[in-house]
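Residue numbers (my numbering): 980 to 1594. In this text, a Cβ means the ideal position worked out from N, Cα and C, and glycines have one as well. Below is one structure; the comments refer to it alone.
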């Protein structure tokens, strides 16, 4: 949700903070702010808007200091203005704090503090926590670290926080619960970098430790210690980052989203690499093999996810039921835990999340784990929270995805789910070896087909976008495996162009949405020439009879739909179950070009953030 950076060391903090906030701006861009500490001189600069506006505010002012914290905000409590921007100060102004998450009992705490004479300048829950820490420090006459620990024991909710105090200039304190925080350890002794994820850190060091829930890190006089909020000292698990700096740059593309769309041949290949051998047609997913006996006796599989990951989960449902012959339910993680679901020890719960930090999905997993289910994670970010709490899982290896609207993460997730479905089918004896070899052989061709598709459809998508960029509404239709594709296509258009769009099963169109169709309504139909083809053709005729404009996604060589459609985009032929990977590509490009032509901020669409770490 919000982005956090912090620096402790011998050098000036400002450049790292600004560059780090720019790297993390995809997590929120309602406001930005920094606090700089130089001995006992604590200065704060903050402003509504993006990091570039913060730079303008700081320009010409004193930006010295070798201790610093920075924050880019996605507003939860309080409107997005300068007063509500982080960092927030304590009552005396001695303590500065930044925060990602939600303090659920902030109103109660605020009422108590106001009764004791505290005055608040903002509407945020964060300022309340800052005041609480100082209140405990002064009243209990304890150290800053102990005050933070005691305060966090009174807090209900989720947080990642970093704190500076001008009374403790050689100290920096951070803590997490439910929101990610990583500490980079420099080769230079006494130098540390903190951030919400590793992207700001990789330029300076690849040695990191990820904080676990209910842990506090204290850096004092150049030395780092970690303890729990129960005051138990912990030994940090140190690991090396695998991210390259080049992956975090646009690489000549106008937007990260476009770059990430064109990275899909590689990200799909990387998500398959090492998991099967196309030459010998052998298959190995260690995470499945370890739980083979469990998989053989499963009663059911539940997939939990949000947003684009939920759409990938729907494709996974089709795949697992077709090949593995086991019932699958796909649940919105945000609803799953609130309806008292029936979960047993014989269930497998699959969590899908690009970031691995999605708060709703984490909460759903905690519930499933309490009920004894086996938990399997599909994530893109190494070291994130979901992989650390699951029994087993698979990384998608899509590489950093900076654009807020997910593209390559979706196709990578579908790729991994395809392998998962085939693995489950193999373990359960529901697929012949001949059919398995056929599937592996076809999977091996997908990266190349995606590359060819990107080259062939890019210009066409741009042409169609120019025609429909001012449409107020759009309908997406698909059947079978392509129904989730229709949902994902509609979501992309909504997210980045702000055009109202709906995805529907094609057959359901006549049960309501057909009333919306007229000569002004573009209808995107995924009409690949496999299963359901004739049925989809009938649905297209129904739209044409109402003068709707048809944009068809068709299989190469298809002449029937191409002749009926107002516009068509051709994709390579493949197995029906693999069409979502290909059919999604032109829909991503179509949304991208429409958004660009409408003057929208493609990488940072309004009101959205990349990693949703609050419920």
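Residue pairing for residue 1079: DSSP places it in a beta bridge opposite 1139. With respect to the 8 Å criterion, residue 1503 and residue 1455 are classified as neighbours on the basis of their beta carbons.
If you ignore the 5 residues before and after residue 1217, its C-beta comes within less than 8 Å of the C-beta of 1164, 1186, 1187, 1188, all in its own chain and listed in chain order. Residue 1292 and residue 1331 have their C-alpha atoms some 7 Å from each other. Cβ contact annotation for residue 1105 (same chain, cutoff 7 Å, sequence separation greater than five): 1065, 1067, 1076, 1078, in chain order. For residue 1290, there is no enclosing beta strand (DSSP E); the enclosing alpha helix (DSSP H) covers residues 1286-1303. Cβ atoms of residue 1375 and residue 1391 come within 8 Å of each other, at about 4 Å.
The alpha-carbon separation between residue 1337 and residue 981 amounts to approximately 13 Å. With distances taken between CA atoms, residue 1027 lies nearest to 1063 out of 1063, 1004, 1045, 1002. For residue 1051, the beta-bridge partners assigned by DSSP are 982, 1011.
Runs of beta strand (DSSP E) with 3 or more residues, each lying fully within the region 1017-1044, are found at 1020-1027, listed in chain order. In its chain, beyond the 5 residues on either side, 1235, 1236, 1239, 1582 have a beta carbon closer than 6 Å to the beta carbon of residue 1382. Annotation: residue 1281 to residue 1327 spans about 6 Å, alpha carbon to alpha carbon.
Around residue 1567, the same chain offers 1240, 1386, 1471 as residues with beta carbons nearer than 7 Å, after the five sequence neighbours per side are excluded. One Cα belongs to residue 1359, the other to residue 1252, and the distance between them is close to 15 Å. Comparing C-alpha distances from residue 1176 to each of 1429, 1000, 1346 shows the shortest one belongs to 1000.
Exclusion of the five residues before and after residue 1192 leaves 1156 as the residues of its chain whose Cβ lies within less than 6 Å of its Cβ. For residue 1512, the enclosing alpha helix (DSSP H) covers residues 1512-1524. One thing to note: residue 1144 has its Cβ within 8 Å of the Cβ of residue 1123. By the neighbour-count definition (other C-beta atoms within 10 Å, threshold 16), residue 1494 is an exposed residue. For residue 1299, the closest C-alpha among the options 1480, 1399, 1500 is that of 1399.
For residue 1343 and residue 1314, the gap between their C-alpha atoms comes out near 9 Å.
The DSSP-derived three-state label of residue 1333 is coil. Taking the C-beta atoms as reference points, residue 1149 is found no nearer than 8 Å to residue 988.
Nearest C-alpha to residue 1206 among 1190, 1545, 1393: 1190. Using a Cβ distance threshold of 8 Å, residue 993 and residue 1015 count as a contacting pair. Residue 1579 is not bridged by DSSP to any residue. The beta carbon of residue 1575 lies closer than 7 Å to those of 1581 in the same chain, with the five residues before and after it left out. Listed as beta-bridge partners of residue 1067 by DSSP are 1076. For residue 1447, no beta strand (DSSP E) run applies; the uninterrupted alpha helix (DSSP H) run containing it begins and ends at 1425-1447, by DSSP. Here residue 1071 is exposed: its Cβ has fewer than 16 other Cβ atoms, across all protein chains shown, within 10 Å.
In the DSSP secondary-structure assignment, residue 1483 is bridged to 1456. Taking all protein chains in view, the Cβ of residue 1517 is surrounded by fewer than 16 other Cβ atoms within 10 Å, so the residue is classified as exposed.
In the three-state reduction of the DSSP assignment, residue 1056 falls in the coil class. Annotation for residue 1203: no alpha helix (DSSP H) segment contains it, though the beta strand (DSSP E) segment containing it runs 1202-1207.
The residue from 1446, 1585, 1532, 1394 with its alpha-carbon nearest to that of residue 1475 is 1585.
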